[in-house]
Amino acid sequence: MPATQKPMRYGHTEGHTDVCFDDSGSCIVTCGSDGDVRIWEDLDDDDPKSINVGEKAYSCALKSGKLVTAVSNNTIQVHTFPEGVPDGILTRFTTNANHVVFNGDGTKIAAGSSDFLVKIVDVMDCSQQKTFRGHDAPVLSLSFDPKDIFLASSSCDGSVKVWQISDQTCPISWPLLQKCNDVVNAKSICRLAWQPKSGKLLAVPVEKSVKLYKRETWSNQFDLSDDLISQTLNIVTWSPCGQYLAAGSINGLIIIWNVETKNCIERVKHEKGYAICGLSWHPTCGQIAYTDAEGNLGLLENVCDPSGKMSNSKVSSRVEKDYNDLFDGDDTSNVGDCLNDNAVKTHSFSKGIVNDEEDDDDLMLASGRPRQRSHILEDDENSVDVTMLKIGSSLFKEEEDDQGGSIHNLPVVTSQRPFYDGPMPTPRQKPFQSGSTPLHLTHRFMVWNSIGIIRCYNDEQDNAIDVEFHDTSIHHATHLLNTFNYTVADLSHEAVLLACESTDELASKLHCLHLSSWDSSKEWIVDMPPNEDIEAICLGQGWAAAATSSLLLRLFTIGGVQKEVFSLPGPIVSMAGHGEQLVIVYHRGTGFDGDQCLGVQLLELGKKKKQILHGDPLPLTRKSYLVWVGFSAEGTPCYVDSEGIVRMLNRGLGHTWTPVCNTREHCKGKSDHYWVVGIHENPQQLRCIPCKGSRFPPTLPRPAVAVLSFKLPYCQTATEKGQMEEQYWRSVIFHNHLDYLAKNGYEYEESAKNQATKEQQELLLKMLALSCKLEREFRCVELAGLMTQNAVNLAIKYASRSRRLILAQRLGELAVEKAAELAATQAEEEEEEDFRKKLNVGYSNTSTEWSQPRLRNQVEEDTEDNGEADNTEENTEIHKHGQNPFFKSADSSDMPALKSGIGQFQRASHFSEFRTFN
């Protein structure tokens with residue numbers, strides 16, 4: 001069974017990180033450049049115990065309830081485990097200690113320092129010390145002989161020495177490494193290791209191979225290497241049984257060999273290619289914990305069984321499962337990463353003939369079963385499938401000659417012919433709710449948006465949901481019991497929307513708390529049909545939406561009336577609502593090489609329902625995935641990917657997506673991220689929460705919201721020209737929403753549009769002046785083409801004063817063209833207005849039987865006059881309504897043209913008069 005690589009997680013701040021297991025293997029212990037030692041119950045532990053030991057911790061070791069650390073204050077400290085209580089200082093150096101290790105029974109420690117010294121100290125009596133001198137540069141690493149006779153050390157002076165502990169002599173020294181003057185400049189930290197139990201072999205990572213030296217004779221028995229190793233090996237570690245050896249390289253490759261057969265049995269690549277600087281084998285089972293030079297912690301599982309024997313099971317079921325998992329969405333939370341690059345090799349297979357024909361359809365397994373398609377695709381281009389091994393005829397002949405032998409003893413043939421060497425499919429991203437934190441957390445945010453916050457608490461004391469509004473004058477905070485285990489939520493000014501998955505007894509439910517309801521019933525619940533789970537929800541103005549596992553999107557009114565139901569083109573990823581707009585992101589196909597293949601739909605659910613984006617591809621950064629999708633406060637669709645790129649819909653450029661911010665540029669560390677909670681176009685603000693060493697914030701203490709500025713990725717923004725170009729186009733994009741509001745009949749601030757136009761024209765005039773100074777007159781005319789008529793007139797005056805007569809002439813011609821275009825536009829608008837007036841005349845002034853009541857008396861006339869007065873007042877109030885960007889302006893077409901409900905058919909003459917206008 002091939003090893004399983006679990007997604008890496010943040011452990012410490014970027015820098016050298018070390019890792020080890022406790023004696024029982026129940027805990028993982030790490031230390032890093034933040035000076036903390038963390039105790040993890042497992043890789044998914046979100047609340048590890050943390051012990052601060054100093055400014056930086058370079059190395060840690062754990063044995064018999066004693067935790068020792070090499071700290072940046074030049075000391076070797078000891079703490080009790082797992083309490084973490086300080087238990088004194090074992091020894092001091094004049095500079096930093098770089099590595100510390102325990103002996104087999106935990107009674108002694110060895111430490112090496114940058115002052116060239118190696119010390120062995122008794123843990124119970126620190127006065128019992130031995131100092132080893134002989135290195136001419138900082139000591140890199142140490143390893144105790146399991147029999148406590150020898151101690152091996154490596155150094156920046158390029159040597160690897162073996163010391164005899166009893167008399168502190170050096171029986172052997174090998175010049176194996178590249179020389180350097182300090183640990184930070186070393187190409188490799190050369191973490192060597194003795195073979196457990198017997199101590200028969202000493203493993204030393206040298207360049208791209210591991211050299212193994214025999215005890216006492218100190219001869220180089222053999223080297224372990226692999227064609228996939230392209231960079232220097234950094235560290236080695238043995239399995240507890242002493243049969244397997246693992247090594248990590250500076251480019252993130254982990255290789256595992258069977259030392260007896262000298263065969264490579266596993267190859268695993270780091271997700272990001274960072275250097276492996278910590279490697280520790282679980283004391284009882286087939287797990288390897290590893291850390292990188294950026295502070296991340298990872299775990300390999302199923303490396304070997306507890307007895308130390310590799311699994312002989314065929315790769316078929318495992319590989320088929322891994323391959324199928326790419327397409328069912330059941331991947332881990334780190335959805336942006338590719339499959340593990342694990343090599344798959346087996347040591348035994350049944351006797352039989354393997355067909356060596358070129359056609360893969362003819363390939364048969366040794367058991368006679370037809371080859372499955374899942375066996376063709378492997379995670380690693382160097383992986384070997386049993387059915388793809390070419391067994392030479394001499395191999396079979398040897399087997400026939402020796403009936404007593406077994407094919408198990410034959411070496412694995414390394415020649416291979418991979419059938420597929422192209423891009424690998426990317427696991428599909430799971431559905432998520434924007435503004436939420438992962439489901440596995442006991443305390444998590446269900447949603448954080450511009451309206452408020454919904455928190456979920458699910459622990460031994462409480463299983464509840466808290467709803468909090470940013471503006472408490474609108475609604476007060478609410479506490480709800482989470483009896484149905486709701487997992488997704490959304491929040492608007494009108495309602496709180498919750499949803500849960502189905503169980504064996506209960507159906508998936510959609511629960512709405514209608515806060516703005518004027519009656520006494522403020523809650524409603526809808527059960528989904530059997531075998532249909534809600535995966536994403538959102539709220540708009542007067543409506544709610546739920547996307548389900550059946551690829552359906554169900555619309556409801558805010559009061560609980562079921563509306564339209566339509567099919568989604570693919571599995572839902574996320575969706576968001578704002579006013580009448582609904583944006584849906586879904587999987588439109590399978591991505592490759594770490595890329596997601598997403599599509600987006602944008603619908604308007606007002607009176608005139610229409611689709612704006614028809615399943616267009618959603619652009620993402622390479623090897624990234626979607627982390628947030630929503631709307632700006634002004635109603636423009638936006639989204640953020642895992643690389644921190646914020647994109648906004650550019651309505652002025654054919655509904656394309658424009659990157660408007662890169663949050664990674666504002667991060668101080670590589671493991672830091674910003675968690676977006678809201679976007680505002682006026683003023684231009686990106687509201688987000690800084691997360692130190694993680695992608696999401698904790699619920700407590702309450703995170704502080706930061707405001708980031710936007711910046712378009714224009715070239716040469718360090719120059720004055722580049723800065724003004726970026727400012728101009730950013731102003732254009734961030735004020736497109738005003739044109740959208742005006743076009744769709746929403747109210748907006750006319751002063752904001754005028755101010756934006758003024759700023760844009762000023763920037764254009766500044767750029768024109770700069771181009772004039774640079775004698776770029778053609779560029780000046782191009783800039784003038786973006787100006788309004790008044791700005792062009794100012795540009796002509798500037799050109800004339802600058803004595804650029806040809807430019808002034810060109811600008812004058814452009815001004816004439818713009819005036820002609822403006823006049824033509826005004827003429828078209830006037831003609832359209834006249835046409836509408838004639839239509840209105842045709843409707844209102846022509847006396848028809850529809851507009852005449854059967855009985856016309858004074859009481860009815862007074863009633864009609866009063867109704868007109870009321871309508872006039874209502875119209876006036878609508879126009880005086882506050883600046884709500886999604887409040888429709890009153891229009892004459894929205895008011896009823898007929899005051900009387902009693903009428904008869906129109907006369908034929910009136911019909912003919914009406915048709916003349918059409």
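full-length UniProt numbering numbers the first residue of the sequence shown as 1 and each following residue consecutively.
C-beta atoms are modelled at their ideal positions from N, C-alpha and C, and glycine is treated no differently.
Between the options, which lies nearest to residue i when the distance is taken from Cα to Cα?
i	options	result
I229	T548, I254, V118	I254
H666	W657, I645, R651	I645
N485	A507, H476, E829, I474	A507
Y457	N790, L481, T472	L481
T261	S520, F222, E55	F222
T478	T131, N296, V29, L515	L515
G295	S671, L233, K269, N73	S671
T487	V676, K197, N650, L510	L510
M648	D504, F835, V732	V732
Y674	R651, G654, A704	A704
T232	S188, V268, T825, T217	S188
T548	L626, V561, F566	F566
A110	D157, L62, G84, E83	L62
S209	C264, C170, D167	C264
M124	S64, L814, K56	S64
E759	L741, G594, F734, D47	F734
Q429	T291, A576, S642	S642
R810	E832, E829, S113, E782	E782
K56	D47, D46, T30	T30
G84	N52, G745, S113, R622	N52
A544	A576, P48, H680, P571	A576
Beta-carbon separation of residue i and residue j under 9 angstroms?
i	j	result
L513	A499	no
Q541	S492	yes
H425	T590	Going by the sequence as given, residue 425 is Pro instead of His. Their beta carbons are under 9 angstroms apart, which means P425 touches T590 by this criterion.
Y798	A769	yes
R191	H99	yes
P240	P196	yes
S26	R38	no
L602	Q581	yes
R730	V660	yes
A186	W194	no
D459	H443	yes
D18	G32	yes
residue 1001	S434	Look at the range of the chain in this structure, 1 to 918, and you will see that residue 1001 is not part of it.
D182	D157	no
Quick one: using the 10 Å Cβ neighbour count with 16 as the cut-off for buried, is residue i buried or exposed?
i	result
K563	exposed
V344	Per-residue confidence for V344 stands at a pLDDT of 36, beneath the threshold of 50, marking its modelled position as unreliable; no derived number is given.
Q5	buried
F81	buried
E821	exposed
N220	exposed
T75	buried
F144	buried
T291	buried
L300	buried
W518	exposed
H440	exposed
residue 919	In this structure the chain extends from 1 to 918, so residue 919 is not present and cannot be described.
N449	buried
Are at least three pairs of beta-carbons, each pair with one atom in the segment 77 to 92 and one in the segment 54 to 69, less than 8 angstroms apart? yes
Does the segment 248 to 262 come into contact with the segment 270 to 277, if we say contact requires no fewer than three beta-carbon pairs (one atom in each stretch) closer than 8 angstroms? yes
As an exercise, report each continuous alpha helix (DSSP H) stretch of at least 4 residues that is fully enclosed by the segment 549 to 587, in chain order. none
Using 8 angstroms as the cut-off, can you tell me whether the segment 139 to 155 makes contact with the segment 98 to 106, which would need three or more C-beta pairs spanning the two stretches below that distance? yes
Given 8 angstroms as the limit, is there contact between the segment 760 to 775 and the segment 713 to 733, that is, 3 or more CB pairs closer than that? yes
Are the segment 612 to 619 and the segment 713 to 720 touching by the rule of at least three beta carbon pairs closer than 8 angstroms? no
Entirely within the UniProt domain "WDHD1/CFT4 helical bundle" (722 to 821) and at least 3 residues each: give me those beta strand (DSSP E) ranges in chain order. none
Segments of 3+ residues assigned as beta strand (DSSP E) that fall wholly inside the UniProt repeat "WD" (132 to 173): 139 to 144, 150 to 155, 159 to 164
Could I get the ranges of all uninterrupted beta strand (DSSP E) runs contained in the segment 585 to 645, with 3 residues as the minimum, in chain order? 598 to 604, 610 to 617, 626 to 631, 637 to 641
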